[in-house]
Every structure is written in structure tokens, then in C-alpha cells.
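Anchor point for the sequence shown: position 42 equals 65 in this note's numbering, and the numbering is continuous, going up by one each time. All C-beta atoms in this analysis are idealised placements derived from N, C-alpha and C, irrespective of residue type, glycine included. Given the structure is predicted, the values throughout are model-derived calculations rather than measurements. Input: a single structure, listed below in C-alpha cells.
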Amino acid sequence: MSELSTDPQNSPSASSAPDANMMGGALTLSEIAAEKVREIRSEEKIEQHYALRVKVIGGGCSGFQYDLFFDEIGGEDNVYESQGVKMIVDQMSFMYLMGTSIDYVEGLSGAGFKFENPSSTGSCGCGSSFSV
């Protein structure tokens, strides 16, 4: 498995993953975020059968944190595709991630993946944790 930076700023089918833009409540990646994921995959020589896992874990100042890493598709995972990037989400995480869009931003305070989560009711000052 390979971790991705999350700085402040259905079952799987071997034949095809649903297009996230066509599925209500699905995850989406911006074009810039998808390009960064492909760049990281290439730099770290991640095999193509690994998908980008988007996960919610307990912790952080606000109660939950986002986690991104490359992982194999599990039997209980939801599989989505956005901008040509296959993403996987476990059932528990997806309850908190429905409708979330992921972007990649660069600025004076650093660079990283930014989550726009319609389920979030608040976040801490660092932006890496959220509450629902």
C-alpha cells in the first residue's frame, strides 16, 4: 500500500466500474486531482490493479479524518471511476463521503488533496479533520 498526502488544503466488478459522474452520491475527482494521483502512481510504480482507496477514519480535532492510499479491491468495496481513476470505498466510509469531490490544491501553505464534503458540518483549523 502507498499513502497519499491529505494536506489541509455495489460490489466491485472486474469488467467495469460505474462512472462517478453518473451515480448519485458518488465520489468525484477534479481533473487536477486525478492527474496528481496518476503522477504519484507512476513515481511510486504502483501496479494498475491497485485502486485509490478513499477512507474515513476516527480522529483529528473534529472527530473524523480523510485517508487516501492505493489498495486492492475488496469484496465489500464500492467501486467508482472519475477522470479515469478507479476509486474504492468501504461501506462505512461511504456513509460519510456521499457526494464528496476531491481536488488537489497548491498554495503558500503547502499542497495537498482538498475534500469538499456536503455531509460535513464543520472542520478544524487545519482542515484535515471534519465533523458530521
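Backbone secondary structure at residue i - three-state DSSP
{"i": "alanine 49", "result": "coil"}
{"i": "tyrosine 119", "result": "helix"}
{"i": "serine 105", "result": "strand"}
{"i": "serine 65", "result": "helix"}
{"i": "glutamate 129", "result": "strand"}
{"i": "glutamate 70", "result": "coil"}
{"i": "glutamate 58", "result": "helix"}
{"i": "tyrosine 82", "result": "Looking at the sequence itself, residue 82 is glycine, so the reference to tyrosine does not match. Residue state, collapsed to three classes: coil."}
Beta-bridge pairing of residue i - partner residues as DSSP gives them
{"i": "arginine 76", "result": "Phe92, Ile111"}
{"i": "glutamate 139", "result": "Ser124"}
Residue of the options minimising C-alpha distance to residue i
{"i": "serine 116", "options": "Val102, Lys68, Glu66, Glu58", "result": "Val102"}
{"i": "leucine 52", "options": "Asp100, Asp113, Phe87, Val77", "result": "Val77"}
{"i": "serine 73", "options": "Ile63, Lys109, Ala57", "result": "It should be noted that the sequence gives tyrosine, not serine, for residue 73. It is Lys109 whose Cα lies nearest to the Cα of tyrosine 73."}
{"i": "serine 143", "options": "Glu104, Phe136, Gly107, Gln88", "result": "Gln88"}
{"i": "isoleucine 55", "options": "Leu120, Gly122, Ser105", "result": "Ser105"}
{"i": "glutamine 114", "options": "Glu58, Asp100, Gly81", "result": "Asp100"}
{"i": "methionine 118", "options": "Pro141, Arg64, Lys137", "result": "Pro141"}
{"i": "leucine 50", "options": "Leu120, Ala134, Gly82", "result": "Leu120"}
{"i": "valine 79", "options": "Gly133, Gly86, Arg61, Asp90", "result": "Asp90"}
{"i": "glutamate 227", "options": "Gly107, Glu70, Ile69, Phe92", "result": "The chain is shown only over 24 to 155; residue 227 falls outside these bounds and no answer can be derived."}
Does the count of Cβ pairs from the segment 93-110 and the segment 129-138 closer than 8 Å reach three?
No contact exists between the segment 93-110 and the segment 129-138.
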